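Enquirer: Following this message is one structure expressed as structure tokens.
Residue numbers (my numbering): 1 to 114.
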């Protein structure tokens, strides 16, 4: 199983980015995005269940939206009103529905700076 993230980059404060994470194979129950800034611990940004129930970190509520396309085995993270403190490497996570094994992507860098 491979998780491939895309969509990161450099954006000005107040801007938007759309992250995508495509899984090569398998059916996954929980999908999520984590982030880690230099010198900081990893943080759960958002998660979504197979049925579409979502959770968000308080720091991104109202600004970020997680969604999934089960037919394409892809999860998205729409990030709006970005702030410099959102700068981090963002990692995709997926839990296999049958084996319950968790998989991680390689990460995509998001930098918010003027």
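By construction, the Cβ of each residue, glycine as well, lies at the ideal position given by its N, Cα and C atoms.
Keep in mind the model is a prediction, meaning the values are calculated, not measured.
Of all the options 13, 4 and 21, which has the alpha carbon lying nearest to the alpha carbon of residue 69?
Expert: Your numbering for residue 69 matches position 69 in the chain shown. Selected option, being the one with the closest Cα: 21.
Enquirer: For residue 45 and residue 35, what's the separation of their Cα atoms in angstroms?
Expert: Residue mapping note: residue 45 aligns to position 45 of the chain shown, counting from 1. Residue mapping note: residue 35 aligns to position 35 of the chain shown, counting from 1. C-alpha separation (whole angstroms): 7 angstroms.
Enquirer: Would you mind sorting residue 86 into buried or exposed? The rule is 16 or more other CB atoms within 10 Å of its CB.
Expert: For this step, residue 86 is matched to residue 86 along the chain shown. Flag for residue 86 reads buried.
Enquirer: Evaluate contact between the region 74-83 and the region 98-107, counting only Cβ atoms and requiring at least three cross-stretch pairs below 8 angstroms.
Expert: no
Enquirer: Report the three-state DSSP secondary structure of residue 85 (helix, strand or coil).
Expert: Residue numbering aside, residue 85 sits at position 85 when the chain shown is read from its first letter. Secondary structure at residue 85: helix, using DSSP grouped into helix, strand and coil.
Enquirer: Looking at residue 65 and residue 54, is the spacing between their C-beta atoms short of 9 angstroms?
Expert: As a first step, residue 54 is located in the chain shown; it is residue number 54 there, counting from the start. As a first step, residue 65 is located in the chain shown; it is residue number 65 there, counting from the start. Yes; because the gap between Cβ atoms is below 9 angstroms, this pair is in contact.
Enquirer: Taking the continuous beta strand (DSSP E) assigned at residue 31, which residues delimit it?
Expert: As a first step, residue 31 is located in the chain shown; it is residue number 31 there, counting from the start. Unbroken beta strand (DSSP E) run through residue 31: 28-36.
Enquirer: Sort 84, 88 and 82 by Cα distance to residue 37 and report the nearest one.
Expert: One-based indexing of the chain shown puts residue 37 at position 37. Residue 37 has its Cα closest to that of 88, out of 84, 88 and 82.
Enquirer: Given this structure, state the Cα-to-Cα distance separating residue 48 from residue 114, to the nearest angstrom.
Expert: Walking along the chain shown from the start, residue 48 turns up at place 48. Walking along the chain shown from the start, residue 114 turns up at place 114. Using only the alpha carbons, I get a separation of about 31 angstroms.
Enquirer: Just the C-alpha distance for residue 6 and residue 108, rounded to the nearest angstrom, thanks.
Expert: Residue 6 sits at position 6 when you count from the first residue of the chain shown. Residue 108 sits at position 108 when you count from the first residue of the chain shown. Those two C-alpha atoms are separated by around 6 angstroms.
Enquirer: Rounded to whole angstroms, how far is the Cβ of residue 17 from the Cβ of residue 11, which I believe are closer than 8 angstroms?
Expert: Translated into the one-based positions of the chain shown, residue 17 becomes position 17. Translated into the one-based positions of the chain shown, residue 11 becomes position 11. At roughly 6 angstroms, the Cβ-Cβ gap stays under 8 angstroms, so residue 17 and residue 11 are in contact.
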